[in-house]
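Engineer: Got a structure for you, questions after.
4 protein chains.
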Amino acid sequence: MTDSVQRKSRRGADAGPGKRERLVTATTRVLHRQGVERTTLADIATEAEVPVGNVYYYFRTKDRLVEAAIDDHERQLRELIAVLDELPTPGERLRALVGGWVEQRDLAVRYGCPFGTLVSELDKREDDLDRHAAEVMRRLLTWVEEQFCAMGHDADARDLALSLIGAYQGMSLLTNTLRDPDVMVGQGRRLTAWIDSLAGG
Amino acid sequence: MTDSVQRKSRRGADAGPGKRERLVTATTRVLHRQGVERTTLADIATEAEVPVGNVYYYFRTKDRLVEAAIDDHERQLRELIAVLDELPTPGERLRALVGGWVEQRDLAVRYGCPFGTLVSELDKREDDLDRHAAEVMRRLLTWVEEQFCAMGHDADARDLALSLIGAYQGMSLLTNTLRDPDVMVGQGRRLTAWIDSLAGG
Amino acid sequence: MTDSVQRKSRRGADAGPGKRERLVTATTRVLHRQGVERTTLADIATEAEVPVGNVYYYFRTKDRLVEAAIDDHERQLRELIAVLDELPTPGERLRALVGGWVEQRDLAVRYGCPFGTLVSELDKREDDLDRHAAEVMRRLLTWVEEQFCAMGHDADARDLALSLIGAYQGMSLLTNTLRDPDVMVGQGRRLTAWIDSLAGG
Amino acid sequence: MTDSVQRKSRRGADAGPGKRERLVTATTRVLHRQGVERTTLADIATEAEVPVGNVYYYFRTKDRLVEAAIDDHERQLRELIAVLDELPTPGERLRALVGGWVEQRDLAVRYGCPFGTLVSELDKREDDLDRHAAEVMRRLLTWVEEQFCAMGHDADARDLALSLIGAYQGMSLLTNTLRDPDVMVGQGRRLTAWIDSLAGG
DNA sequence: TATGAATGAGACTTCATTCAT
DNA sequence: GATGAATGAAGTCTCATTCAT
Numbered sequence: 001m002t003d004s005v006q007r008k009s010r011r012g013a014d015a016g017p018g019k020r021e022r023l024v025t026a027t028t029r030v031l032h033r034q035g036v037e038r039t040t041l042a043d044i045a046t047e048a049e050v051p052v053g054n055v056y057y058y059f060r061t062k063d064r065l066v067e068a069a070i071d072d073h074e075r076q077l078r079e080l081i082a083v084l085d086e087l088p089t090p091g092e093r094l095r096a097l098v099g100g101w102v103e104q105r106d107l108a109v110r111y112g113c114p115f116g117t118l119v120s121e122l123d124k125r126e127d128d129l130d131r132h133a134a135e136v137m138r139r140l141l142t143w144v145e146e147q148f149c150a151m152g153h154d155a156d157a158r159d160l161a162l163s164l165i166g167a168y169q170g171m172s173l174l175t176n177t178l179r180d181p182d183v184m185v186g187q188g189r190r191l192t193a194w195i196d197s198l199a200g201g
Numbered sequence: 202m203t204d205s206v207q208r209k210s211r212r213g214a215d216a217g218p219g220k221r222e223r224l225v226t227a228t229t230r231v232l233h234r235q236g237v238e239r240t241t242l243a244d245i246a247t248e249a250e251v252p253v254g255n256v257y258y259y260f261r262t263k264d265r266l267v268e269a270a271i272d273d274h275e276r277q278l279r280e281l282i283a284v285l286d287e288l289p290t291p292g293e294r295l296r297a298l299v300g301g302w303v304e305q306r307d308l309a310v311r312y313g314c315p316f317g318t319l320v321s322e323l324d325k326r327e328d329d330l331d332r333h334a335a336e337v338m339r340r341l342l343t344w345v346e347e348q349f350c351a352m353g354h355d356a357d358a359r360d361l362a363l364s365l366i367g368a369y370q371g372m373s374l375l376t377n378t379l380r381d382p383d384v385m386v387g388q389g390r391r392l393t394a395w396i397d398s399l400a401g402g
Numbered sequence: 403m404t405d406s407v408q409r410k411s412r413r414g415a416d417a418g419p420g421k422r423e424r425l426v427t428a429t430t431r432v433l434h435r436q437g438v439e440r441t442t443l444a445d446i447a448t449e450a451e452v453p454v455g456n457v458y459y460y461f462r463t464k465d466r467l468v469e470a471a472i473d474d475h476e477r478q479l480r481e482l483i484a485v486l487d488e489l490p491t492p493g494e495r496l497r498a499l500v501g502g503w504v505e506q507r508d509l510a511v512r513y514g515c516p517f518g519t520l521v522s523e524l525d526k527r528e529d530d531l532d533r534h535a536a537e538v539m540r541r542l543l544t545w546v547e548e549q550f551c552a553m554g555h556d557a558d559a560r561d562l563a564l565s566l567i568g569a570y571q572g573m574s575l576l577t578n579t580l581r582d583p584d585v586m587v588g589q590g591r592r593l594t595a596w597i598d599s600l601a602g603g
Numbered sequence: 604m605t606d607s608v609q610r611k612s613r614r615g616a617d618a619g620p621g622k623r624e625r626l627v628t629a630t631t632r633v634l635h636r637q638g639v640e641r642t643t644l645a646d647i648a649t650e651a652e653v654p655v656g657n658v659y660y661y662f663r664t665k666d667r668l669v670e671a672a673i674d675d676h677e678r679q680l681r682e683l684i685a686v687l688d689e690l691p692t693p694g695e696r697l698r699a700l701v702g703g704w705v706e707q708r709d710l711a712v713r714y715g716c717p718f719g720t721l722v723s724e725l726d727k728r729e730d731d732l733d734r735h736a737a738e739v740m741r742r743l744l745t746w747v748e749e750q751f752c753a754m755g756h757d758a759d760a761r762d763l764a765l766s767l768i769g770a771y772q773g774m775s776l777l778t779n780t781l782r783d784p785d786v787m788v789g790q791g792r793r794l795t796a797w798i799d800s801l802a803g804g
């Protein structure tokens, strides 16, 4: 164990855990840009500045890397929710959620929604990675649903949540397809107004 | 003579334009199921019941086949619009559009929107097929926009069109991700109500 | 037979023999430009303005077309020799031969010697087309040898012939490689002077 | 330990730079025998005793392999020149050059000049490999030119160099076409005599 | 004769994955 | 832990040749 610690400190930022994390965030980034099928391990290794042969020390297969990217999205989601939960009212939380989407519009113009495009691609595969991704999507839906419940819309909270997330996915796709960030701005404004109307008085 | 006739009819179904068309529709179908990158020419050839080598007689590259699939979507869109245009009011036309989407929910559960998932995947590529697909998307948007104009919403017809198509894309993705056709039904109902509210008295 | 004649006259320039000849000269031309291996039957068909499927009516395989091109070179050689034989002295004949080479220098710059490059390529193959081409080369050598004999150089006429033809092949290759027609001019001048020196007083 | 050493030596011969070099020399050899277009990567892999898939670890495309073969010719040329430069007089150097050619006559009988046939084939292609090969040819020409200069033939050294190299290319082609090594012997003798006559004294 | 269509063998190339050190 | 090298399965594409009419 002492030995292990020594090694760690000797190697600094390049050592094990750091590399693993670097690989994961690199994967998330590259998958967003290129999609799963068009991304090679070499691409990921390059982006992470890790030798190709070394990737397999951390991830036994390409699938495991994709899985790690899904987990990374889940982590980001948890962090986002944690921040939003600090806001006092559900209406403010949802408005902040939409505001964040609109802020990311330039990325959406180029590559669409980081998570939506991933989910869409995974659903064409025969493995179970799509089920894994679906859980993350469900988590987001549930949180949004909770906000609508808190706003007094218990009866159709689920439908409202589906509408909000669906609208986000749809406007991301259109923003990307039309290469127009204003789509995101305009639709974001409509969503905000809609949330306001639901937030009551 | 019987033999000759049989041959002829066999030929008739097998050769020329018929085969090309078969290849195109097969491509559209397989791309929907498997996505562009995970579809091999062998897959398409099998689906079209055509020898692999023969595919290249009709389409010199895989890209041309994908392009033909995009054109096929455009053709389907034109046909759909032609049918919808028979309806007397813009409100009825849009409701019929949404109704068609909901009817297709079982396909959406399995593979998402046939065109949306294609567009999404093409945007990860470096060629210009995504621009081609974008035009088809624009055509649909324009037609929907016209309906909203006809309903007297000239000022924000474009935004309304983006909302409607975006909602469709989003609910298709969620239907697919959650493997739940009811998402399509519920969201379709909401969209119809929304259209009604816009159609005025 | 009557039928055959009728067909022929009905079809005019496009009929059998004309097409065959067109195919042969087209082959000779294309092989010079692209080489045997890089030339497809489609290239030849296009150059000859003959439908691809029709080529096989005249030549059962690509090899037969190449063989026909070799024969075409032989025919050209016979015609050249016939013209040169009109000249009064062997010295004049050889000088005219060299003069013709130099005149063709622009073609040599682009593609080398039409026959030499063909021979060179055929020698890499395992079939016997190279033996066929060798005969044509031998015929040229023999004629040149005869000229040197007629000039009184019986003893080393063969060697002199090999030197002359070899020089031509070498300067064609260098002209082509260096993309410089002046190589052909300069070396042609040297060859002419050399022939003069052998032609005696 | 013995085992370990054996492994090491096996590795030593199989891996790294050794393998790359083996691939290059194998390529040079096979290209000479079969020509560029008729050589498959499998042929080269077999000749180098390397699995086909592994070739691509060292050379990303067939073109790069051909390029490496050209470089290999250049290396051989440099080595040859280095040896020849040891000789005291330019006349001796050129005679040694010709002597080397004649010694290689059996290879010329079967496949022609290793470099000339390559250059000839590359000129039919549309890429720039022919320009690369031309530089090597130019280097040889320049060295020969320098020898003629050193022999006092400054005025027409370039032409003399073109004649010598051209003669070599031509006699190689004829030796190959006629399948006769004596062509090389006889023409070599003539070239040597010619060099002697130019060496003066 | 003539020809569009068909076909399969084989070429080049990519890449996830494994291995030896 | 780390890494360059190795490997083979699979994909796209070309093309000579054949076929049916």
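Those protein sequences? They're chains L, C, F and X, same order as listed.
Take the first sequence: its letters are residues 1 to 201, numbered as in the numbering used here.
Take the second sequence: its letters are residues 202 to 402, numbered as in the numbering used here.
Take the third sequence: its letters are residues 403 to 603, numbered as in the numbering used here.
Take the fourth sequence: its letters are residues 604 to 804, numbered as in the numbering used here.
Glycine included, every Cβ here is placed at the ideal spot set by N, Cα and C.
Please read all numbers here as calculations on a predicted model, not as lab measurements.
#1: For ASN578/F, which residues in chain X fall below 7 Å Cβ to Cβ?
#2: Just confirm the distance between the C-beta atoms of HIS534/F and ILE472/F, as a whole number of angstroms; I'd bet it's less than 8 Å.
#3: Where does CYS350/C sit, in a helix, a strand or coil, going by DSSP?
#4: Does the separation of the CB atoms of ARG708/X and PRO784/X fall below 8 Å?
#5: Is it buried or exposed, ASP688/X, if we count other Cβ atoms within 10 angstroms and call 16 or more buried?
#6: Could you give the residue range of the alpha helix (DSSP H) that holds ARG404/C?
#7: Please classify PRO315/C: does DSSP put it in a helix, a strand, or coil?
#8: DSSP three-state label for GLU528/F, please.
#9: Can you tell me whether DSSP reads GLU37/L as helix, strand or coil?
#10: Could you check if THR376/C is buried or exposed, using at least 16 other CB atoms within 10 Å of its CB as the buried criterion?
#11: With distances taken from CA atoms, which of PHE662/X, GLY694/X and THR720/X is nearest ARG632/X?
#12: Can you tell me whether GLY353/C is buried or exposed? The criterion is at least 16 other CB atoms within 10 Å of its CB, across all chains shown.
#13: DSSP three-state label for THR795/X, please.
#14: Less than 8 Å between the beta carbons of ALA510/F and SER599/F, yes or no?
#15: Between ARG435/F and TYR513/F, which are expected to be in contact by the criterion C-beta below 8 Å, what is the C-beta distance as a whole number of angstroms?
#16: Under the rule that 16 or more other beta-carbon atoms within 10 Å means buried, what is THR780/X, buried or exposed?
#17: Can you give the Cα-Cα distance for LEU191/L and SER364/C, rounded to whole angstroms?
#18: For the alpha helix (DSSP H) containing ARG179/L, name the first residue and the last one.
#19: Which residue comes first and which comes last in the alpha helix (DSSP H) that contains GLU476/F?
#20: Cβ of LEU77/L less than 8 Å from any chain C Cβ?
#21: Where does GLU280/C land, buried or exposed, given buried means 16+ other C-beta within 10 angstroms?
#22: Would DSSP call ALA601/F helix, strand or coil?
#23: If you draw a straight line from the alpha carbon of GLY188/L to that of ASP360/C, how long is it in whole angstroms?
#24: Taking the alpha-carbon of GLU174/C as reference, which of ARG340/C, GLN348/C, ALA243/C and VAL345/C has the nearest alpha-carbon?
#25: Considering only C-alpha positions, which residue in the set LYS665/X, VAL658/X, GLY621/X and ARG696/X is nearest to CYS752/X?
#26: Are there 16 or more other CB atoms within 10 angstroms of the CB of SER406/F, so buried, or fewer, so exposed?
#27: Quick check on the burial criterion: 16 or more other C-beta atoms within 10 angstroms. Buried or exposed for VAL426/F?
#28: When DSSP labels each residue in this structure, what does THR448/F get in the three-state scheme?
#29: Can you confirm whether THR720/X, when its beta carbon is compared against all beta carbons of chain F, has any partner nearer than 8 Å?
#30: Taking only the alpha-carbon atoms, compute the straight-line gap between TRP202/L and ILE81/L and give it to the nearest angstrom.
#31: Just checking: is the beta-carbon of GLY353/C within a distance shorter than 8 Å of some beta-carbon in chain L?
#32: For a quick check, are the C-beta atoms of THR40/L and ALA68/L less than 8 Å apart?
#33: Hey, how far is the Cα of ASP646/X from the Cα of ASP72/L?
#34: Pull out every residue of the segment 420-445 of chain F whose Cβ sits closer than 7 Å to any Cβ of chain X, in chain order.
#35: By DSSP, does LEU97/L sit in helix, in strand, or in coil?
#36: Rounded to the nearest angstrom, what separates PRO291/C and VAL303/C at their Cα positions?
Structural biologist: Let me spell this out:
#1: Residue 578/F sits at position 176 when you count from the first residue of the third sequence. Among the residues of chain X, those whose CB is under 7 Å from the CB of ASN578/F are ASP726, following chain order.
#2: For the purposes of this step, residue 534/F is taken as residue 132 along the third sequence, with counting starting at 1. For the purposes of this step, residue 472/F is taken as residue 70 along the third sequence, with counting starting at 1. About 5 Å separates the beta carbon of HIS534/F from that of ILE472/F, a gap short enough to meet the 8 Å contact definition.
#3: Here residue 350/C is taken as the residue at index 149 of the second sequence, counted from 1. In the structure shown, CYS350/C sits in a helix (DSSP, three-state: H, G or I).
#4: Here residue 708/X refers to the residue found at position 105 of the fourth sequence. Here residue 784/X refers to the residue found at position 181 of the fourth sequence. Going by C-beta atoms, ARG708/X is nearer than 8 Å to PRO784/X.
#5: Position 85 of the fourth sequence, counting from 1, holds the residue named residue 688/X. Answer is exposed; the Cβ neighbour count stays below 16.
#6: One cannot answer for residue 404/C here, as it falls past the ends of chain C, which runs 202 to 402.
#7: The residue labelled residue 315/C in the question sits at position 114 within the second sequence. Looking at PRO315/C - three-state DSSP - the assignment turns out to be helix.
#8: Counting from 1 along the third sequence, the entry for residue 528/F is found at position 126. Residue state, collapsed to three classes: coil.
#9: Here residue 37/L is taken as the residue at index 37 of the first sequence, counted from 1. Here GLU37/L sits in coil by DSSP.
#10: Within the second sequence, the letter at position 175 stands for residue 376/C. Using a 10 angstroms sphere on the CB of THR376/C, the tally of other CB atoms reaches 16 or more, which defines it as buried.
#11: Within the fourth sequence, residue 632/X is the residue found at index 29, counting from 1. Nearest option by C-alpha distance: THR720/X.
#12: Residue 353/C sits at position 152 when you count from the first residue of the second sequence. Here GLY353/C is exposed: its Cβ has fewer than 16 other Cβ atoms, across all protein chains shown, within 10 Å.
#13: Your numbering for residue 795/X matches position 192 in the fourth sequence. THR795/X falls in the helix class under three-state DSSP.
#14: Against the third sequence, residue 510/F aligns to sequence position 108. Against the third sequence, residue 599/F aligns to sequence position 197. The beta carbons of ALA510/F and SER599/F sit no closer together than 8 Å.
#15: Here residue 435/F refers to the residue found at position 33 of the third sequence. Here residue 513/F refers to the residue found at position 111 of the third sequence. ARG435/F to TYR513/F, Cβ: 6 Å. Contact.
#16: Stepping through the fourth sequence from its first residue, residue 780/X is reached at position 177. It counts as buried.
#17: Here residue 191/L refers to the residue found at position 191 when the first sequence is read from its first residue. Here residue 364/C refers to the residue found at position 163 when the second sequence is read from its first residue. SER364/C has its alpha-carbon roughly 10 Å from the corresponding atom of LEU191/L.
#18: Start at 1 with the first residue of the first sequence, and residue 179/L comes out as number 179. Unbroken run through ARG179/L: none, as it is neither H nor E.
#19: Within the third sequence, the letter at position 74 stands for residue 476/F. Per DSSP, the continuous alpha helix (DSSP H) segment holding GLU476/F begins and ends at 464-486.
#20: Working through the first sequence from its first residue, we reach residue 77/L at position 77. Taking CB atoms only, LEU77/L has no neighbour in chain C less than 8 Å away.
#21: Reading the second sequence from its first residue, position 79 is the one you call residue 280/C. By the 10 Å Cβ count, GLU280/C comes out exposed.
#22: Taking the third sequence and counting its residues from 1, the one referred to as residue 601/F is at position 199. Coil at ALA601/F, not helix or strand.
#23: Position 188 of the first sequence, counting from 1, holds the residue named residue 188/L. Position 159 of the second sequence, counting from 1, holds the residue named residue 360/C. GLY188/L and ASP360/C: Cα-Cα distance of roughly 11 Å.
#24: The structure shown does not extend to residue 174/C, since chain C spans only 202 to 402, so no value can be given for it.
#25: Counted from its first residue, the fourth sequence places residue 752/X at position 149. The residue with the shortest Cα to Cα distance from CYS752/X is ARG696/X.
#26: Taking the first residue of the third sequence as position 1, residue 406/F is located at position 4. Since pLDDT at SER406/F reaches only 40, below the 50 mark, its modelled position is unreliable, and the value read off the structure follows with that caveat. Classification of SER406/F: exposed, given that the 10 Å Cβ count is below 16.
#27: Taking the first residue of the third sequence as 1, we reach residue 426/F at position 24. Burial of VAL426/F is indicated by the presence of at least 16 other C-beta atoms within 10 angstroms of its C-beta.
#28: Here residue 448/F refers to the residue found at position 46 when the third sequence is read from its first residue. DSSP, read as helix, strand or coil, puts THR448/F in helix.
#29: As a working mapping, residue 720/X is identified with position 117 in the fourth sequence. So, interface residue.
#30: Residue 202/L is absent from the model: chain L starts at 1 and stops at 201.
#31: Taking the second sequence and counting its residues from 1, the one referred to as residue 353/C is at position 152. No, its Cβ sits nowhere closer than 8 Å to a Cβ of chain L.
#32: Sequence index remark: in the first sequence, residue 40/L carries index 40 (1-based). Sequence index remark: in the first sequence, residue 68/L carries index 68 (1-based). No.
#33: As a position in the fourth sequence, residue 646/X is number 43, starting the count at 1. As a position in the first sequence, residue 72/L is number 72, starting the count at 1. Between ASP646/X and ASP72/L, the C-alpha separation is close to 47 Å.
#34: Hits within the stretch, in order: GLN436, GLY437, GLU439 and ARG440.
#35: Taking the first residue of the first sequence as 1, we reach residue 97/L at position 97. LEU97/L: helix per DSSP, three-state reduction.
#36: Along the second sequence, read from residue 1 onward, the residue named residue 291/C stands at position 90. Along the second sequence, read from residue 1 onward, the residue named residue 303/C stands at position 102. If I take the Cα positions, the gap works out to 19 Å.
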